[in-house]
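Enquirer: Positions 810 to 996 (this note's numbering) are the ones given, in order, by the sequence shown.
First the structure, then my questions, so here it is.
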Amino acid sequence: MRKLIYAMNLTLDGYIAAAGDDIGWSTPSEELFQWWLDQERANSLSLYGRKLWETMSSYWPTGDKQPDATPAEIEFARNWRDTPKVVFSSTLDQVGWNSRLVSGDAIAEITRLKAEDGGPMSIGGATLAGAAMRAGLIDEYVLAVCPVLVGSGTPFFTALDGWVDLDLVETRTFPGGVVLTRYRKRR
Numbered sequence: 810m811r812k813l814i815y816a817m818n819l820t821l822d823g824y825i826a827a828a829g830d831d832i833g834w835s836t837p838s839e840e841l842f843q844w845w846l847d848q849e850r851a852n853s854l855s856l857y858g859r860k861l862w863e864t865m866s867s868y869w870p871t872g873d874k875q876p877d878a879t880p881a882e883i884e885f886a887r888n889w890r891d892t893p894k895v896v897f898s899s900t901l902d903q904v905g906w907n908s909r910l911v912s913g914d915a916i917a918e919i920t921r922l923k924a925e926d927g928g929p930m931s932i933g934g935a936t937l938a939g940a941a942m943r944a945g946l947i948d949e950y951v952l953a954v955c956p957v958l959v960g961s962g963t964p965f966f967t968a969l970d971g972w973v974d975l976d977l978v979e980t981r982t983f984p985g986g987v988v989l990t991r992y993r994k995r996r
């Protein structure tokens with residue numbers, strides 16, 4: 810059975826995007842970016858909601874061709890293109906870049922993918938991750954908390970029907986005051 814990991818940068822007040830989908834506050838240090846690259850390399854499949862897909866696919870297919878791209882950004886772009894992706898959307902007609910589109914029942918598809926053999930999967934996008942959270946499908950939560958308050962926007966966590974007990978697996982501090990924590994769902 811595959812492990813499902815929900816990991817994103819978020820503000821101290823719990824948002825993955827400020828009002829207007831602004832993520833300008835989330836620029837990671839080189840060290841944190843390298844950490845994210847290492848996590849992405851360990852991923853066997855990435856699951857995206859529509860909005861995050863549109864953000865990622867607007868830049869990373871050619872991110873390695875940017876004149877100021879760092880070696881880590883070049884590697885991230887190449888890894889992003891090579892990693893299989895599943896995009897969940899009822900409004901998109903097609904996706905590219907080693908991806909397939911699912912417009913039906915996201916929870917049924919995620920449950921099916923988790924039951925397969927294979928390496929870990931990441932999930933991104935607040936709406937998609939929120940549905941998976943409520944269904945009890947997320948095994949690990951990784952929060953890279955940035956020292957900024959934005960007051961409103963898209964929250965990392967969704968309303969749940971009950972408690973989810975977690976065990977702390979990792980804590981690490983990065984330049985700029987970013988604190989990363991990894992939690993595993995208690996069995």
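Where is the CB? At the ideal position from N, CA and C, for every residue including glycine.
Spatial neighbours of threonine 892 within its chain, please: C-beta separation below 8 Å, excluding the five flanking residues on both sides.
Expert: Position 83 of the sequence shown, counted from the first residue, corresponds to residue 892. Cβ neighbours of threonine 892 beyond the five flanking positions: Glu849, Asn852, Ser853, Leu854, Ser855 and Asn907.
Enquirer: Can you tell me where the alpha helix (DSSP H) holding alanine 917 begins and where it ends?
Expert: What you label residue 917 is simply residue 108 of the sequence shown in a count that begins at 1. Start and end: 915–924.
Enquirer: Would you kindly work out how many angstroms separate the C-alpha atoms of leucine 813 and glutamine 843, rounded to a whole number?
Expert: Stepping through the sequence shown from its first residue, residue 813 is reached at position 4. Stepping through the sequence shown from its first residue, residue 843 is reached at position 34. Taking the straight line from one Cα to the other gives about 21 Å.
Enquirer: Just to confirm the assignment, what range does the alpha helix (DSSP H) spanning lysine 860 have?
Expert: In the sequence shown, the residue the question calls residue 860 occupies position 51. Start and end: 859–866.
Enquirer: Please list, in chain order, all residues of the same chain as threonine 982 whose beta carbon is under 6 Å from its beta carbon, the five residues on each side excluded.
Expert: The sequence position of residue 982 within the sequence shown is 173, counting from 1. Val988, listed in sequence order.
Enquirer: One question on the structure: do threonine 879 and glutamate 839 come within less than 8 Å of each other, judged by their Cβ atoms?
Expert: Taking the first residue of the sequence shown as 1, we reach residue 879 at position 70. Taking the first residue of the sequence shown as 1, we reach residue 839 at position 30. Yes.
Enquirer: Measure the Cβ-Cβ separation of threonine 936 and glycine 858 and say whether it is below 8 Å.
Expert: Position 127 of the sequence shown, counting from 1, holds the residue named residue 936. Position 49 of the sequence shown, counting from 1, holds the residue named residue 858. It is a contact, given that the beta carbons lie within the stated cut-off.
Enquirer: If you drop the 5 nearest sequence neighbours on each side, which residues of the same chain put their C-beta closer than 8 Å to that of glycine 986?
Expert: Locating residue 986 in the sequence shown gives position 177, counting from the first residue. Taken in chain order, the residues that qualify are Cys955 and Pro956.
Enquirer: Grouping DSSP H, G and I as helix and E and B as strand, with all else coil, what is serine 835?
Expert: Counted from its first residue, the sequence shown places residue 835 at position 26. Helix.
Enquirer: At the level of alpha carbons, what is the spacing between glutamate 949 and lysine 994?
Expert: What you label residue 949 is simply residue 140 of the sequence shown in a count that begins at 1. What you label residue 994 is simply residue 185 of the sequence shown in a count that begins at 1. Rounded to the nearest angstrom, the two C-alpha atoms are 6 Å apart.
Enquirer: Can you tell me whether asparagine 888 is helix, strand or coil according to DSSP?
Expert: By one-based count along the sequence shown, residue 888 stands at place 79. Note: asparagine 888 maps to helix in three-state DSSP.
Enquirer: Look at the Cβ atom of leucine 977, then the Cβ atom of arginine 943, and state whether they are nearer than 8 Å.
Expert: In the sequence shown, the residue the question calls residue 977 occupies position 168. In the sequence shown, the residue the question calls residue 943 occupies position 134. No. Outside cutoff.
Enquirer: Less than 6 Å between C-beta atoms, sequence neighbours within five positions excluded: which residues of the same chain meet that for alanine 886?
Expert: The residue given as residue 886 occupies position 77 in the sequence shown. Here the set comprises Trp869, Gly872 and Asp873.
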